[in-house]
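K.L.:
Would you mind keeping the following structure in view while I ask a few things?
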Amino acid sequence: MRLVMRPGPWERGVILAVLALLLGLLMLLHGMIPNRVGNLGSLVETFLPWFGLFIPVLLGGALWRRSASAVAALLLPVTVWLHLFGALLGDKSRPGGDLTVASHNVRDGNPDPVGTARALAASGADVLALEELTQEDRGTYEQALAEAYPYHTVQGTVGLWSKLPLSEIRPVDIQMDYGPLAATKPIEEKMRYNRALRATVATDHGPLAVYVAHLGSARVNPRAGFWTVHRDRGAQALGEAVAAERIKRVVLLGDLNGTVDDRAFAALTSRLRSAQVAAGDGFGFSWPARFPVVRLDQILVKGVEPRSSWVLPPTGSDHLPVAAAISW
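Numbered according to our numbering, the sequence shown spans residues 1436 to 1763.
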């Protein structure tokens, strides 16, 4: 009679063990994934935290197969994920703060701009940035926010409202127009769809340079893959503007249409740090508003200390507002 030897626990689940190792290497070496084909590297980095969901799936398979090798292999993706995102699982916020800033993409076609403006004013933010303003709704926001914010500016489709005086206001060219015909367009035409501005806020601790930006959209399609041409060019231009800023204290507010893990924002993240990463509670996902899975709306700072960072309740927009308290 012939005996059939069953594979031992270290021999079972070889495929699961390989998948676990590949998952760990993918997260560990995400920076080496090339962008040459469909901008794949940036796409992976945009949703990088969600790769952790494969860990419990593989763990379930390993336990079902009673595979010691697969369980051991899972130590790699678990360690890498915790190294990358473990700090975001806790609440790093601290009490206090000299200034509260907030940002919101109010959405072109927002069905309730009045309600959105009132909710933002009630947030208590001292400085409020709005993106995706339309000519039709601009007056509505200006009227609804006038009592809470005596100072404001709108430059194209972005605006800044403040309880403190504003000066040195100007649009920032993030190169939404690019190519030989860009220089031929009159400034009046460009300003209609301008998507970035810079202003100086006068605080009790000295001047604060505030940038507001709405970078180009990111799209996924079969031909181009993860299409981010305008966004990436704008991020580089915005990074150059911040690098040339003469004021040491800087806050960038806006819808960047990407996450701080994406290599496309290196020109910004090399100079500014995320208030959410430094002082937030959790990941602070802001889009889409009904079921947020990614943080596209950012508060980045330099020369000031983030004390806390949080996401505000939903409005009529498809984005959630984000806010942070900073100190000197």
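All C-beta atoms in this analysis are idealised placements derived from N, C-alpha and C, irrespective of residue type, glycine included. Just so it is clear, the structure is predicted and the values come from calculations on it, not from any experiment.
Counting pairs of beta carbons, one from the stretch 1498-1517 and one from the stretch 1690-1701, are three or more of them closer than 8 Å?
P.N.:
Judged by Cβ distances under 8 Å, the stretch 1498-1517 makes no contact with the stretch 1690-1701, as fewer than three pairs qualify.
K.L.:
Please name the residue, chosen from L1478, D1608, G1443, that lies closest to N1470 on a Cα-to-Cα basis.
P.N.:
Numbered from its first residue, the sequence shown carries residue 1470 at position 35. Of the listed residues, the one whose Cα sits closest to N1470 is L1478.
K.L.:
For K1527, collect the residues of the same chain with a Cβ closer than 6 Å to its Cβ; drop the 5 residues on either side in sequence, then sort them by chain order.
P.N.:
Counted from its first residue, the sequence shown places residue 1527 at position 92. Excluding residues within five positions, the ones whose Cβ falls inside 6 Å are A1714.
K.L.:
Could you pull the DSSP bridge partners for E1566 from this structure?
P.N.:
Taking the sequence shown and counting its residues from 1, one reaches residue 1566 at position 131. For E1566, which the question treats as bridged, DSSP gives the partners N1540, V1593.
K.L.:
Quick one: Cα of F1726 to Cα of R1573, how far?
P.N.:
The residue you call residue 1726 lines up with position 291 of the sequence shown. The residue you call residue 1573 lines up with position 138 of the sequence shown. The straight-line gap from Cα to Cα measures roughly 27 Å.
K.L.:
Alpha carbon to alpha carbon, what distance is there between S1602 and P1749?
P.N.:
Stepping through the sequence shown from its first residue, residue 1749 is reached at position 314. Stepping through the sequence shown from its first residue, residue 1602 is reached at position 167. If you take the alpha carbons of P1749 and S1602, they lie about 31 Å apart.
K.L.:
Going by other Cβ atoms of all chains shown within 10 Å of its Cβ, with 16 needed for buried, is Y1576 buried or exposed?
P.N.:
The residue you call residue 1576 lines up with position 141 of the sequence shown. When all chains shown are included, Y1576 counts as buried.
K.L.:
What does W1662 pair with, by DSSP beta-bridge criteria?
P.N.:
Taking the first residue of the sequence shown as 1, we reach residue 1662 at position 227. In the DSSP output, where bridge partners are listed per residue, W1662 has R1654.
K.L.:
Who are the Cβ neighbours of R1500 in its own chain at under 7 Å, not counting the five residues just before and after it?
P.N.:
Here residue 1500 refers to the residue found at position 65 when the sequence shown is read from its first residue. Excluding sequence neighbours, R1500 sits near R1447, G1448, L1451.
K.L.:
Taking only the alpha-carbon atoms, compute the straight-line gap between M1436 and L1493 and give it to the nearest angstrom.
P.N.:
Within the sequence shown, the letter at position 1 stands for residue 1436. Within the sequence shown, the letter at position 58 stands for residue 1493. Any reading at M1436 must be qualified, since the residue scores a pLDDT of 48, below 50, and its modelled position is unreliable; the value itself is stated next. Cα to Cα, M1436 sits roughly 37 Å from L1493.
K.L.:
Just how far apart, CA to CA, sit S1709 and A1497?
P.N.:
Counting from one through the sequence shown, the residue named residue 1709 turns up at place 274. Counting from one through the sequence shown, the residue named residue 1497 turns up at place 62. Computed Cα separation, rounded: 37 Å.
K.L.:
Work out the CA separation of A1648 and P1606 for me, nearest whole Å.
P.N.:
For this step, residue 1606 is matched to residue 171 along the sequence shown. For this step, residue 1648 is matched to residue 213 along the sequence shown. In a straight line, the C-alpha of P1606 is about 10 Å away from that of A1648.
K.L.:
Determine the burial state of F1482: buried for a count of at least 16 other Cβ atoms within 10 Å of its Cβ, exposed for fewer.
P.N.:
As a first step, residue 1482 is located in the sequence shown; it is residue number 47 there, counting from the start. Classification of F1482: exposed, given that the 10 Å Cβ count is below 16.
K.L.:
Which residue's Cα is closest to the Cα of L1511: P1530, A1455, T1551, V1549?
P.N.:
One-based indexing of the sequence shown puts residue 1511 at position 76. Nearest option by C-alpha distance: A1455.
K.L.:
What three-state label does DSSP hand I1609 in the structure shown?
P.N.:
Counted from its first residue, the sequence shown places residue 1609 at position 174. Note: I1609 maps to coil in three-state DSSP.
K.L.:
Give the DSSP-derived three-state secondary structure of T1638 in the structure shown.
P.N.:
Here residue 1638 refers to the residue found at position 203 when the sequence shown is read from its first residue. Strand, per DSSP.
K.L.:
Mapping DSSP to helix, strand and coil, what is W1763?
P.N.:
What you label residue 1763 is simply residue 328 of the sequence shown in a count that begins at 1. Correct three-state label for W1763: coil.
K.L.:
Give me the Cβ distance between L1707 and V1746, rounded to the nearest whole Å; I'm assuming they're in contact under 8 Å.
P.N.:
For the purposes of this step, residue 1707 is identified with residue 272 of the sequence shown, where counting begins at 1. For the purposes of this step, residue 1746 is identified with residue 311 of the sequence shown, where counting begins at 1. Between V1746 and L1707 the Cβ distance is about 19 Å, and since that is not below 8 Å, they are no contact.
K.L.:
Tell me which residue opens and which closes the beta strand (DSSP E) that R1553 is part of.
P.N.:
Position 118 of the sequence shown, counted from the start, is the residue given in the question as residue 1553. Element bounds for R1553: not the beta strand (DSSP E) but the alpha helix (DSSP H), 1548-1557.
K.L.:
Can you tell me whether DSSP reads A1631 as helix, strand or coil?
P.N.:
Indexing the sequence shown from 1 puts residue 1631 at position 196. The answer is strand: DSSP assigns A1631 an E or B state.
K.L.:
Give the DSSP-derived three-state secondary structure of R1708 in the structure shown.
P.N.:
What you label residue 1708 is simply residue 273 of the sequence shown in a count that begins at 1. Reduced to three states, the DSSP call for R1708 is strand.
K.L.:
Between G1459 and the rest of its own chain, which residues show a CB-CB distance below 6 Å, the 5 nearest in sequence each way excluded?
P.N.:
Counting from one through the sequence shown, the residue named residue 1459 turns up at place 24. Here the set comprises L1511, P1512, V1515.
K.L.:
Where do the ends of the beta strand (DSSP E) carrying E1480 lie?
P.N.:
Against the sequence shown, residue 1480 aligns to sequence position 45. Unbroken run through E1480 is the alpha helix (DSSP H), 1475-1481; no beta strand (DSSP E).
K.L.:
Looking at L1568 and V1549, is the spacing between their C-beta atoms short of 8 Å?
P.N.:
One-based indexing of the sequence shown puts residue 1549 at position 114. One-based indexing of the sequence shown puts residue 1568 at position 133. Against a cut-off of 8 Å, the Cβ pair of L1568 and V1549 comes out as no contact.
K.L.:
Using DSSP with H/G/I as helix, E/B as strand and the rest coil, what is V1449?
P.N.:
Counting from 1 along the sequence shown, the entry for residue 1449 is found at position 14. In the structure shown, V1449 sits in a helix (DSSP, three-state: H, G or I).
K.L.:
Would the beta-carbon of D1753 fall within 8 Å of that of W1722?
P.N.:
As a working note, residue 1753 is residue 318 in the sequence shown. As a working note, residue 1722 is residue 287 in the sequence shown. A contact, by the Cβ cut-off of 8 Å.
K.L.:
Check for me: the alpha helix (DSSP H) holding V1739 runs from which residue to which?
P.N.:
Reading the sequence shown from its first residue, position 304 is the one you call residue 1739. First-last for V1739: undefined, no H or E at that position.
K.L.:
What number of angstroms, rounded off, separates the C-alpha of L1595 from the C-alpha of L1565?
P.N.:
Translated into positions along the sequence shown, residue 1595 becomes position 160. Translated into positions along the sequence shown, residue 1565 becomes position 130. Rounded to whole angstroms, L1595 to L1565 spans 6 Å at the Cα level.
K.L.:
Apply the 10 Å Cβ neighbour rule to V1636 and answer buried if 16 or more other Cβ atoms are within range, or exposed otherwise.
P.N.:
The residue labelled residue 1636 in the question sits at position 201 within the sequence shown. By the 10 Å Cβ count, V1636 comes out buried.
K.L.:
Along the chain, where does the beta strand (DSSP E) containing V1686 start, and where does it finish?
P.N.:
On the sequence shown, residue 1686 is found 251 positions in, with the first residue counted as 1. Run containing V1686: 1685-1690, per the beta strand (DSSP E) assignment.
K.L.:
When DSSP labels each residue in this structure, what does Y1646 get in the three-state scheme?
P.N.:
Walking along the sequence shown from the start, residue 1646 turns up at place 211. Three-state DSSP puts Y1646 in a strand.
K.L.:
Taking C-alpha atoms, which residue in D1612, W1763, W1485 lies nearest to G1641?
P.N.:
Indexing the sequence shown from 1 puts residue 1641 at position 206. For the residues D1612, W1763, W1485, the minimum Cα distance to G1641 belongs to W1763.
K.L.:
Alpha carbons only, please: which of G1738, P1741, V1712 is nearest the one belonging to R1730?
P.N.:
For the purposes of this step, residue 1730 is taken as the residue at position 295 of the sequence shown. Checking every option, the nearest Cα to that of R1730 belongs to V1712.
K.L.:
For the alpha helix (DSSP H) containing W1768, list its first residue and its last residue.
P.N.:
No answer is possible for residue 1768: the residues shown for the chain start at 1436 and end at 1763.
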